[in-house]
Amino acid sequence: AAYQLYGTVAPRMLGQKRTREEFAGHDTLTPMKVFTQFPCVMAALSGFGERPRGDSEQLFFILDFLSRLRPASHDQNDRTVLFDMDKCDIYTSSTREKLEPFVAVVRTQLKSRSWKLRLLAARCLASLCSSPQDEVLSALSALANSDETTSYNELQARLRAANVLLRANPNCIPAVVDCFADDAVLNWWVLASRNCFVEMELLDTLSLLYPDPNLAWKSDLCEALLKKLENFAADDTSALGHCTPGHDLLRKRQAAWLLSAATHHRPPDLTTVVTSLMRVAKTESHVMEALLEFLQYRLHACPTDSMFSVGVWRQLATQLVAYAKSGAHHRTHLADTVELLESLLQKQDVANPTLVWECLSVSQHCALGQSAGGTTVRALSLALWSRCLRLSLENPAFCNPATLGESVHAWLSSLAAALEGRPEAETTADIVWFQVARSVRTAGYVAFDWASRCDPPDHVVLQRVFDITLQLLQDGDPQIRSEAAAAFTYDARALQPSPLQPNLAVRDLFKRMVQVCGGQLEVVRLLMDKLHVCDSSTHLEVERQLGTPDFSASGLFEQDESEVFFEPMVTLFLFHDHLKVAADDSKICHQTELEALFSEEESKLLGELKETCAVLEAFLGQSGERELQLYGKPKLHYVLTALLCRTDVTAYVLKDSSEAKGTAGTLQVQRRRLLQLWTPPAL
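Residue 567 in UniProt numbering sits at position 567 of the sequence shown, with consecutive numbering throughout.
This is how it looks when you write it as C-alpha cells:
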C-alpha cells in the first residue's frame, strides 16, 4: 500500500513526466518551490536523518523524492522558458540556510552500505547543492587525500554526485580543471584503483573534465589500463581480484573508456586496443560486451568508416567465429556475436571462402537449436545463415557444390518451421518472424534465381520460397510485410526500387513464379494445390460450416484470420488468374499431360459440385430462404469461392477438348446451379 501511495502522490506533486528519462531535471520543481507550495512536506522530511540506520525502506522513498527535484539556479540572470520562475528558483542565503539541514543529512547517507541508497543520496546532493563547483572540488580533493582508512563507499558516492553535477553544470568544468595540474590525474587513478566502484566513477569524471583527446597523460593512462586488463585476463580466474565486488562492471567500463580514447587517435592506436581487448574478451565476458557494443555501433553509425583495414576486420570476424564455437559459458553475448558477424559479412571485401563457410557452420548449428542459445539466438542465426547463403550463391568462389543444395533446402526448412511455431510462442513470435522476413529479404530472390537456373529446375526450392514469402506478405505486422515486400518484388534489383506496397508485392511474386516456371507442369500443379483449400471434400466443409450458423450481430464482424493482412479471397483470385496463365504456357509443350491433369480434376469437381449443391438446397429448404445468406460466415464464402475458381479454371483449360467431345456443358450446368443458390462476394 505504501508503494502504491507514493507512486500516486509523487507525480501529482512534481508533475507528470514529459520525457522518457527518469531523472530529467526540467520536468520537475526546485526544492524550495516544493517546500513553499507544500509547507507540511518540509516539516515531515526534516527529521528523516534521525531514523535508525537499518530503516532503509522509508529512507529509500524520501531520497527518491528528493532526487527527483530540479536544482535551483545559481545565477540571478538564469531563466528557464519552460517554467514560470520566481524567487524560489534562485539560490539565496535564506535558501541555503533552509536547505542546509537536508544537505547535511544527505551527506551522511553517502556512507551508507546500501548501493542504491548511495546512488540516490548522490542525486539528492546534486539537487540540493548550492555550489556545484565547490562540491566537485571537494570530491576530487577527498580522493587525492584518501588513504587506507578512507571510506570507499563515501568516496564513490561523492564522485557520483560530482559526475551528476558536472553533467548538469558543464559551465563550471574549466574552473575545476584549472585547480589541478595534469600530473594529478595519474595520482587520482592510482588512488582510485584500490576500489572498483571508485575507479569506475573516476573514469566518468575524467571523461567529463577532459574531453580533449590530445592530452599527454591520456596515452599513459590508456597504456596502463590496457596492460592491466591483459595481465588480469592472464591470471587465474579464481584469484582474489576476480572475486572483488564490482570487478565485472569495472572491466566493462575500462574497456569502453579505452575504446573511446583510442577512437580519437591517441596511442595506443585503435587497432592495437581492439585486437588486445579481443584476446582479453575470451575470458572476460564484460570486456566482450563492451567490445561488441562498440563494434556494432561503429558499423551502423559509420558504415563507410575506414577505422580498420580489411585484414583487421577479417581477423576480428575469425575470432568472433571461434568465440561462438568455443562453447564458452558466457552465453549472454552469443546473440550479439551472431548479429555482429552478419554485419561484418556485409562489408566490402571482408568475406572470403573460409570465413563464409565457418559462419555458415555456426549459423546452422545455432539456428537448428543445437546450441545453448535461446529464441533470439536462433532467430538471428537465420539472418546470418541467409547472408552466408547469398554470398555463396552469388560468388562461385564461395560455393561448395557438394553441400550447397543441401544447405539451401535446410535453410528453407528452418524458415518454414519458424513460421509454423507462431501460435505456440506468441511472446517471441514477433522476433522470430521478423528475422525470417529479414532472411527472405537477404537471400530469397537469390535462392529463387539459383533454383530456376538448375538443370532441371529445383521446384522444391521455388515452391518453398514462394510459400514463405506469400505468408510473410500476409502477416499482420507492418514491419514484417515491409521486409518481405522489399525482399521479393518483380525485378526488385533493377526496375522496382524498395519499398513497395505489400499488395503490389504479392502480385509481383505471382508474376515471377509464373514467368520463371513458364511452360512447366510443376507450377500448374502448385497453383492447383493452392486452390484446394479444404482438407476433405468441399461439401463436407460446407455442411460443417452450415451446421453451426451464427447470424448474430457479433458474427457480422467475424474475422477469418486475425493475423492475415492480405485478404484471403483476393489471394484466391490471384491463384485463379495466374493458374490460367501458367496453363496457357504449358499447352505448348505439355498439352496432353495438361488435359489429363484437368480431366481428372473435372471428374472430382462434378462430384463435389453436385454434393455441395445438394447440401445448400437442403439447408435452404429447412430455412425457407430462396438464396443462401452468409452473413457472419466468411470461411464459408472462402470455401465456395475456391470451388468456383477451380471450376472456372478447369472449364477454361478443357474448353477446346470438351467442345470436340461434345461435353462442354456438363461442368457449366453444375456451376450455374451453384450460382443460383449462392452469390459470390463482390471484390
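Every residue, glycine too, gets a C-beta built ideally from N, C-alpha and C. It should be emphasised that the depicted structure is a prediction, and the values quoted were computed from it without experimental measurement.
Local Cβ density within 10 Å of residue i, reported as buried at 16 or more and exposed below that
i: residue 671; result: buried
i: residue 113; result: exposed
i: residue 129; result: buried
i: residue 99; result: buried
i: residue 62; result: buried
i: residue 510; result: buried
i: residue 603; result: exposed
i: residue 3; result: exposed
i: residue 391; result: buried
i: residue 680; result: exposed
i: residue 8; result: exposed
i: residue 456; result: exposed
i: residue 141; result: exposed
i: residue 481; result: buried
i: residue 634; result: buried
i: residue 541; result: buried
i: residue 570; result: exposed
i: residue 76; result: Note on residue 76: pLDDT 43, under 50, position unreliable in the model; no value is reported.
i: residue 181; result: exposed
i: residue 686; result: Since the first and last residues shown for the chain are 1 and 683, residue 686 lies out of range.
i: residue 394; result: exposed
i: residue 407; result: buried
i: residue 11; result: exposed
i: residue 54; result: Note that residue 54 scores 49 on pLDDT, short of 50, meaning its location in the model is unreliable and no value can be drawn from it.
i: residue 366; result: buried
Closest Cα partner of residue i within the set the options
i: residue 195; options: 541, 343, 155, 204; result: 155
i: residue 38; options: 60, 14, 655, 326; result: 14
i: residue 532; options: 641, 298, 188, 515; result: 641
i: residue 297; options: 273, 259, 334; result: 259
i: residue 669; options: 647, 452, 656; result: 647
i: residue 205; options: 230, 176, 224; result: 176
i: residue 512; options: 334, 404, 650, 470; result: 470
i: residue 651; options: 612, 606, 186; result: 606
i: residue 514; options: 676, 487, 582, 620; result: 582
i: residue 67; options: 103, 618, 299, 617; result: 103
i: residue 153; options: 193, 123, 321, 198; result: 198
i: residue 685; options: 161, 150, 147; result: Examination of residue 685 is not possible in this model, given that the chain is present from 1 through 683 alone.
i: residue 760; options: 676, 252, 654, 446; result: This structure cannot settle anything about residue 760, because the visible part of the chain is limited to 1 through 683.
i: residue 483; options: 506, 248, 528, 621; result: 506
i: residue 119; options: 568, 163, 268; result: 163
i: residue 245; options: 528, 622, 115; result: 115
i: residue 58; options: 231, 292, 6; result: 6
i: residue 518; options: 462, 107, 200; result: 462
i: residue 403; options: 357, 444, 618, 282; result: 357
i: residue 315; options: 146, 369, 275; result: 275
i: residue 226; options: 65, 257, 208, 366; result: 257
i: residue 439; options: 326, 468, 475; result: 468
i: residue 97; options: 69, 31, 249; result: 31
i: residue 212; options: 262, 255, 200, 249; result: 262
Whole-angstrom C-beta distance between residue j and residue i, which should lie under 8 Å
i: residue 144; j: residue 188; result: 7 Å
i: residue 436; j: residue 382; result: 6 Å
i: residue 319; j: residue 288; result: Not confirmed; about 11 Å, so no contact.
i: residue 479; j: residue 434; result: 6 Å
i: residue 159; j: residue 202; result: 6 Å
i: residue 639; j: residue 520; result: Wrong, their Cβ atoms sit about 29 Å apart, outside the cutoff.
i: residue 253; j: residue 284; result: Between residue 284 and residue 253 the Cβ distance is about 12 Å, and since that is not below 8 Å, they are no contact.
i: residue 447; j: residue 465; result: 6 Å
i: residue 608; j: residue 643; result: 7 Å
i: residue 377; j: residue 334; result: 5 Å
i: residue 125; j: residue 60; result: Actually they do not touch by this definition, with Cβ atoms about 16 Å apart.
i: residue 454; j: residue 572; result: Contact flag wrong, Cβ pair sits at about 30 Å.
i: residue 576; j: residue 516; result: Residue 576 to residue 516, Cβ: 20 Å. No contact.
Can you give, in chain order, each stretch of the alpha helix (DSSP H) that sits fully within the stretch 387-423 and has at least 4 residues? DSSP runs (the alpha helix (DSSP H)) wholly in the stretch 387-423: 401-420.
Which full runs of the alpha helix (DSSP H) of 4+ residues lie inside the stretch 128-213, going along the chain? If only complete runs of 4 or more residues are kept, the stretch 128-213 shows the alpha helix (DSSP H) at 132-144, 152-168, 173-177, 183-192, 196-209, in order along the chain.
Any chance the stretch 220-231 sits against the stretch 158-173, with 3 or more Cβ pairs inside 8 Å? No contact exists between the stretch 220-231 and the stretch 158-173.
Where are the alpha helix (DSSP H) runs, 4 residues long or more, that stay fully inside the stretch 447-512, in chain order? Runs of the alpha helix (DSSP H) inside the stretch 447-512: 459-473, 478-487.
Touching by the beta-carbon criterion (3+ pairs, under 8 Å), the stretch 346-359 and the stretch 307-323: With a cut-off of 8 Å, the stretch 307-323 and the stretch 346-359 count as touching, because enough Cβ pairs lie within range.
Kindly confirm or deny that the stretch 405-415 and the stretch 378-393 touch, where touching means at least three C-beta pairs closer than 8 Å. The stretch 405-415, when compared against the stretch 378-393, does touch it at the 8 Å Cβ threshold.
Is it the case that the stretch 396-404 contacts the stretch 336-344, given that we only count it when at least three CB pairs across the two stretches are under 8 Å? Contact between the stretch 336-344 and the stretch 396-404 is absent, because fewer than three Cβ pairs lie under 8 Å.
Taking contact to mean at least 3 C-beta pairs separated by less than 8 Å, is the stretch 516-529 in contact with the stretch 581-591? Touching, yes.
Alpha helix (DSSP H) runs wholly inside the stretch 274-339, at least 4 long, in chain order: Whole alpha helix (DSSP H) segments, 4+ residues: 285-301, 310-325.
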